[in-house]
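In our numbering, the protein residues as written are 4 to 518.
Each residue gets a CB set at the ideal place from its N, CA and C atoms; glycine is no exception.
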Ligand code: BGC
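See below:
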């Protein structure tokens, strides 16, 4: 059983953000409207077999046309904050040159609508929808991409800097490099195996240049980036399994976090032959490792690793759910592979449900990075097949997604406990948790087959229906607000009494100012 909303709410510290997340390409649709340019993703998605069921992202959830109704559903949910992404090809078609005014106007309306409803905007600048022209010029294999991202970040900073409370420069570069350039199961569909390494550096450099652009524009919002993190667990005590897990950890976690948080690539990577195959001057490392206001962490699952050839990065069950043949797509490229967790509950994607590893992820981050900025879980959630129950007497629909609800509750609880005083990651200053996702959406190569939403979307009628998890999250937020209000009332009643008889210091400094 998961905790009751009330008991979980009691663990949430003041100032902690509860939010939900989405990304432009997964929800907007309207790909050919109002001057939007093409992105590499829609070209990739149009290739037969690239997406499960050959599903098309053309309409997705139709959020572009339904934005005010969606914001009303966010308001009803009661979230503190909404994480969304700007669509690069909508704002700057072609990836260079002037902005598309109609594209900017959409996000103007979205930001105004959010603020009018008391919802704090968190904006991701790059969530994978690269303008097609930039993909055709080599995409992230081309160092120039980093400068293009920096320039585009400057454009959105100028247009929206006054309203965005939190900025995520770039989302999960690890997934772009692994799925898009090593294995070819995401856009742009390259199967370069280890040859994809330059895409790592160029994305990280793009992140750093985006930070510079945001700071140069003087945006008042907090600035961070988002990496996915999966604790790597050896399959057995066999030293080769341990070594394999260490290699996976290097390639999936440390490769992306070390440069940002320490200014250096891990030594093993620096010693590798491919490291000299592209430019990475010391100045780049300084740009990449600029101090951040927060570090975004996406946590979904741990990974069990065993020695022996395989595709390495993607669990076979997930590859199946994505409809991809990893033997054709770089299979056998690594001397190790991902193993199943036979005893664990698994999601529709085949991902193991292991909330206890949330604490491990936070602990490992704290141990590895002494200068870790405040952390925000920028994504966490699960895909499960949903069943719609119809109540004929009232003609209402109900979606009892207990497993999703439990997943989110257990993971949030694990994160809160681990970072509370006495917890195993107590040094981590955890500032928030964003559920992936607000609504069912276009789940990249898995099309519409992997629903992560708190809101169900009927992809025929585009009707939204709140699931049980939506109502639970709403209750959690209400309980959190009640608990905070009660704490504030107690503090107000007790503090003046406690201060009775305490004399003001001679210098007249305000009592409590330093508390
Ligand atoms: C991505 C999302 C994606 C989610 C579930 C994350 O890797 O940022 O875009 O939908 O995981 O797969």
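Between the C-alpha atoms of residue i and residue j, what's the straight-line distance to the nearest angstrom?
{"i": "residue 432", "j": "residue 57", "result": "43 Å"}
{"i": "residue 43", "j": "residue 102", "result": "19 Å"}
{"i": "residue 91", "j": "residue 174", "result": "13 Å"}
{"i": "residue 423", "j": "residue 362", "result": "11 Å"}
{"i": "residue 127", "j": "residue 497", "result": "42 Å"}
{"i": "residue 441", "j": "residue 276", "result": "43 Å"}
{"i": "residue 131", "j": "residue 179", "result": "7 Å"}
{"i": "residue 523", "j": "residue 5", "result": "Here the chain comprises residues numbered 4 to 518, so residue 523 is not present and cannot be evaluated."}
{"i": "residue 99", "j": "residue 32", "result": "22 Å"}
{"i": "residue 502", "j": "residue 203", "result": "56 Å"}
{"i": "residue 200", "j": "residue 291", "result": "16 Å"}
{"i": "residue 438", "j": "residue 306", "result": "20 Å"}
{"i": "residue 35", "j": "residue 41", "result": "8 Å"}
{"i": "residue 235", "j": "residue 308", "result": "7 Å"}
Give the secondary structure of residue i by DSSP, where H, G and I count as helix, E and B as strand, and everything else as coil.
{"i": "residue 126", "result": "strand"}
{"i": "residue 71", "result": "helix"}
{"i": "residue 218", "result": "helix"}
{"i": "residue 55", "result": "helix"}
{"i": "residue 297", "result": "strand"}
{"i": "residue 392", "result": "strand"}
{"i": "residue 14", "result": "coil"}
{"i": "residue 136", "result": "helix"}
{"i": "residue 455", "result": "coil"}
{"i": "residue 469", "result": "strand"}
{"i": "residue 110", "result": "helix"}
{"i": "residue 166", "result": "coil"}
{"i": "residue 7", "result": "coil"}
{"i": "residue 321", "result": "helix"}
{"i": "residue 186", "result": "coil"}
{"i": "residue 306", "result": "strand"}
{"i": "residue 131", "result": "coil"}
{"i": "residue 356", "result": "coil"}
Where do the ends of the alpha helix (DSSP H) carrying residue i lie?
{"i": "residue 431", "result": "Looking at the DSSP string, residue 431 is not in any alpha helix (DSSP H), and its letter there is neither H nor E."}
{"i": "residue 259", "result": "258-265"}
{"i": "residue 81", "result": "Residue 81 -> no alpha helix (DSSP H), and no H or E assigned at all."}
{"i": "residue 163", "result": "147-163"}
{"i": "residue 61", "result": "From DSSP, residue 61 is part of no alpha helix (DSSP H); its letter is neither H nor E."}
{"i": "residue 414", "result": "405-422"}
{"i": "residue 286", "result": "285-291"}
{"i": "residue 371", "result": "359-371"}
{"i": "residue 2", "result": "The requested residue 2 is not part of the displayed model; the chain covers only 4 to 518."}
{"i": "residue 43", "result": "43-48"}
{"i": "residue 237", "result": "That residue, residue 237, is in no alpha helix (DSSP H); its beta strand (DSSP E) goes 235-237."}
Run the CB neighbour count on residue i, radius 10 Å, all protein chains shown included, and call it buried at 16 or more, exposed below.
{"i": "residue 485", "result": "exposed"}
{"i": "residue 297", "result": "buried"}
{"i": "residue 413", "result": "buried"}
{"i": "residue 367", "result": "buried"}
{"i": "residue 239", "result": "exposed"}
{"i": "residue 407", "result": "buried"}
{"i": "residue 528", "result": "A question about residue 528 goes unanswered here, because the residues of the chain that appear run from 4 up to 518."}
{"i": "residue 466", "result": "exposed"}
{"i": "residue 267", "result": "exposed"}
{"i": "residue 402", "result": "buried"}
{"i": "residue 331", "result": "Annotation note: pLDDT 49 at residue 331 (below 50); position unreliable, coordinate value reported separately. Looking at its Cβ environment, which holds fewer than 16 other Cβ atoms inside 10 Å, residue 331 is exposed."}
{"i": "residue 190", "result": "buried"}
{"i": "residue 256", "result": "buried"}
{"i": "residue 88", "result": "buried"}
{"i": "residue 230", "result": "buried"}
{"i": "residue 241", "result": "exposed"}
{"i": "residue 93", "result": "buried"}
{"i": "residue 158", "result": "buried"}
Any heavy atom of the ligand BGC closer than 7 Å to the beta-carbon of residue i?
{"i": "residue 455", "result": "yes"}
{"i": "residue 256", "result": "no"}
{"i": "residue 26", "result": "yes"}
{"i": "residue 143", "result": "no"}
{"i": "residue 301", "result": "yes"}
{"i": "residue 172", "result": "no"}
{"i": "residue 271", "result": "no"}
{"i": "residue 286", "result": "no"}
{"i": "residue 231", "result": "yes"}
{"i": "residue 91", "result": "no"}
{"i": "residue 29", "result": "yes"}
{"i": "residue 64", "result": "no"}
{"i": "residue 359", "result": "no"}
Under DSSP, the beta strand (DSSP E) around residue i begins and ends at which residues?
{"i": "residue 382", "result": "378-382"}
{"i": "residue 24", "result": "20-24"}
{"i": "residue 342", "result": "337-342"}
{"i": "residue 169", "result": "169-174"}
{"i": "residue 400", "result": "399-401"}
{"i": "residue 272", "result": "First-last for residue 272: 270-274, but that is the alpha helix (DSSP H), not the beta strand (DSSP E)."}
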